[in-house]
Each structure stands twice: as structure tokens, then as C-alpha cells.
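Data block below; observations after.
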Amino acid sequence: QLVASAFPIEFLSNPLVYLLLNWCLFLEATGICAAAWFLAMIQKSIMGFQYDEVYIGTPEERAAKNFGDDPDKKSGNISYDAGVEDDDEDKV
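Position in the sequence shown (first residue = 1) + 89 = the numbering used here.
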């Protein structure tokens, strides 16, 4: 970018740079690289990710195994003091 901004005519008159620039503009026009879904699709195929139901089961399956959700807990509440004893606060 520094070279291109300092010498724009010389930079763009280079045939290799011109080809790479056209290739990049074409690739951007397709929208492939502009979307996170494309990278996620590649990562999913490489890593073998599956839906959560494969790992933890459906809500009905979890309830049947007595692994249902705890109705007393509210979603989104994080306990920041979990596992921290009073003595540990003095060490910080």
C-alpha cells in the first residue's frame, strides 16, 4: 500500500500487479471472501463440526435421561465468584 500510494502509475503499470489486482477485484465481486459463511463452511468440513444435538442430544432426550435444564437458573446469569474462596481475594 505504501508503494502504491507513493508511485501509483508505476505500481499499476506493472503487468503482474495489474493481473493480481484484477484477480482480487473479481474475487471480491463474487462475494466469496466477503462472507464469513464461506470460511465457516470450509472450517466445518475440515474439522467435522456437527450440530449440538449430536453431542448433547435434543431437549427431549436430555429430559428423558434426567439431564434437563435447571428451571431455577436464569439464562444469561454468570456467577463470577464460582470456585473462588474468600482467602483467594487477598492474593490478587
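Virtual Cβ for every residue (Gly too), placed ideally from N, Cα, C.
In angstroms with no decimal places, state the Cα-to-Cα distance between Y144 and E117.
Along the sequence shown, one-based indexing puts residue 144 at 55. Along the sequence shown, one-based indexing puts residue 117 at 28. Approximately 36 Å, taken between the alpha carbons.
Can you give me the start and stop residues for the alpha helix (DSSP H) that F96 sits inside?
Here residue 96 corresponds to residue number 7 of the sequence shown, with the count starting at 1. It is not in any alpha helix (DSSP H) - F96 carries neither H nor E in the DSSP assignment.
C-alpha gap between L110 and D141, whole angstroms:
Position 21 of the sequence shown, counted from the first residue, corresponds to residue 110. Position 52 of the sequence shown, counted from the first residue, corresponds to residue 141. Cα to Cα, the separation comes out at about 41 Å.
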